[in-house]
Amino acid sequence: MITNKSIALCIAALSTIVQSFAAGQTTANDSVKMNQIQVIGSHNSYHAGIAPSEAKLMMEKNPKRYQAFEYRHRPLDQQLDSGVRQIELDVYADSRGGRFADPLGPKLVAQAGLPADPPFDSDGIMKKPGFKVMHVQDYDYRSTCQPFTACLEVVRKWSQAHPGHLPIYILVETKQSDLPAQFHATTTEKFTSATFDALDAEIRSVFSARELITPDDVRGNHATLEEAVLNNGWPTLDEARGKIVFLMDQRPVGPVYLEGHPALRDRVIFTNAQPGEPDCAFIEENDGTQEEIAALVRKGYLVRTRTDADTKEARSNSTAQRESALASGAQLLSTDYPASEPSTWTGYSVSLPDGAVARCNPINSPVSCKNTALENHP
């Protein structure tokens, strides 16, 4: 016979099981740092591809270059929906506005007598001051979001709609290289300390301090940022959930970004630095060996590497670089082909086991780390 007492005992036992499970999940999350997992990222995440007529011209005049550019991504929020947790935005300074408002591509199409491509800036965004997002001025300039702040707004809106998500990493590549004279391309605006002040200001205009993890947050009471990360100073996943982390792609601009901000004090973006430098917390190792990357991960650095480049692996279905990157422990694995956007040539793509959003890092995760306690697939 089922009595009230037996029912009460069953409820109590079930409650204990649930509490124990929840405690186990929390304990696992509490003990795991944000540098002790792996996530998938997308390379040039904004890339909308080259319009048909311009693509035809590039294929005729420079087929090798076109092959390297022949990929495109879905809008940023759709990538985040599919499990991508690191995106990359290439930014061009445009402090006065209009520098990139009249690209050369449509003119070349008209001269060649080809059909006009769809307009790329119907709203006149490119005429306004502010950082712009694109791959190569005049030749590969279409983005799924524009300007930079609009891209950030997409990420923020998604973040607010998905509280508790793992930290989202935004890799920022500062573009200021000019093309050779024969391309007749627009000259770029160079990045100065003041330019970076403006870049930080644009980021802070979208994200509040509580929505970010900055170098100051990680440094804490340590003398330098590097000292902090070498002493297990990265936030735990519980502390990092729902937050955004900005990383610098280009290493040569690091000293300019550091001017007046030793060890990145009061800055937003983590520089791509080298071990031994006071600002070193994040390192980009696109060409590093599996062993070199693993050694950096063991020390406590956050590392980004690429699993493929220039569509080569996607065309040949070569998986050696992908498997090496996965095994290296690099926390951020960047690809042009996340699982939701496989190569149309071979089906090549990059994902974690079982299609997970994240997994415990094979190099440095603690024994308490449980893949199921990280983030369920959206």
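Count along the sequence shown from 1, add 2, and you get the number used in my numbering. Glycine is no exception: its CB is placed at the ideal position from the N, C-alpha and C atoms. Just so it is clear, the structure is predicted and the values come from calculations on it, not from any experiment.
{"Item": "When you compare the CB positions of Arg67 and Leu173, do they come within less than 8 Å of one another, or not?", "Value": "no"}
{"Item": "Check whether the Cβ atoms of Leu239 and Met60 sit closer than 8 Å, and answer yes or no.", "Value": "no"}
{"Item": "Measure the C-alpha to C-alpha separation of Phe248 and Gly115 and round it to an integer number of angstroms.", "Value": "43 Å"}
{"Item": "With distances taken between CB atoms, is the gap from Ile365 to Arg324 smaller than 8 Å?", "Value": "no"}
{"Item": "From Lys245 to Arg212, what distance separates their C-alpha atoms?", "Value": "8 Å"}
{"Item": "Under 8 Å, with one C-beta from each stretch per pair, do the segment 250-258 and the segment 268-284 reach the 3-pair mark?", "Value": "yes"}
{"Item": "Under DSSP, the alpha helix (DSSP H) around Tyr68 begins and ends at which residues?", "Value": "Pro65 to Phe71"}
{"Item": "Using the rule of at least 16 other Cβ atoms within 10 Å of the residue's Cβ for burial, across every protein chain shown, is Gly85 buried or exposed?", "Value": "buried"}
{"Item": "Of the choices Ile127, Ala327, Met128 and Gly107, whose alpha-carbon is the least far from that of Ala118?", "Value": "Gly107"}
{"Item": "Given a cut-off of 8 Å on the beta-carbon distance, is the pair Val34 and Pro355 in contact?", "Value": "no"}
{"Item": "Between Pro280 and Thr226, how many whole angstroms is the CB-CB distance? I'm expecting something under 8 Å.", "Value": "4 Å"}
{"Item": "Taking a contact to mean a Cβ-Cβ separation below 8 Å, would you say Val208 touches Leu154 in this structure?", "Value": "yes"}
{"Item": "Among Met128, Trp236 and Cys282, which has the Cα closest to the Cα of Pro257?", "Value": "Cys282"}
{"Item": "So within the segment 156-244, which uninterrupted beta strand (DSSP E) runs reach at least 3 residues, ignoring any that extend past its ends?", "Value": "170-176"}
{"Item": "Can you check which of these residues, Leu260, Leu304 and Asn319, is closest to Gly349 by C-alpha distance?", "Value": "Asn319"}
{"Item": "Out of Asp79, Glu62 and Ala187, which one is the CA nearest neighbour of Ser342?", "Value": "Asp79"}
{"Item": "Given this structure, state the Cα-to-Cα distance separating Ala311 from Asp199, to the nearest angstrom.", "Value": "31 Å"}
{"Item": "Glu315: buried (16+ other C-beta within 10 angstroms of its C-beta) or exposed?", "Value": "buried"}
{"Item": "Excluding sequence positions up to five away, which residues of its chain have a Cβ less than 8 Å from the Cβ of Lys192?", "Value": "Ala95 and Gln178"}
{"Item": "What is the DSSP secondary structure of Ala24, reduced to helix, strand or coil?", "Value": "Summary for Ala24: the model assigns pLDDT 39, below 50, so the residue's position carries little reliability; its value from the coordinates is reported in the next sentence. Three-state result, Ala24: helix."}
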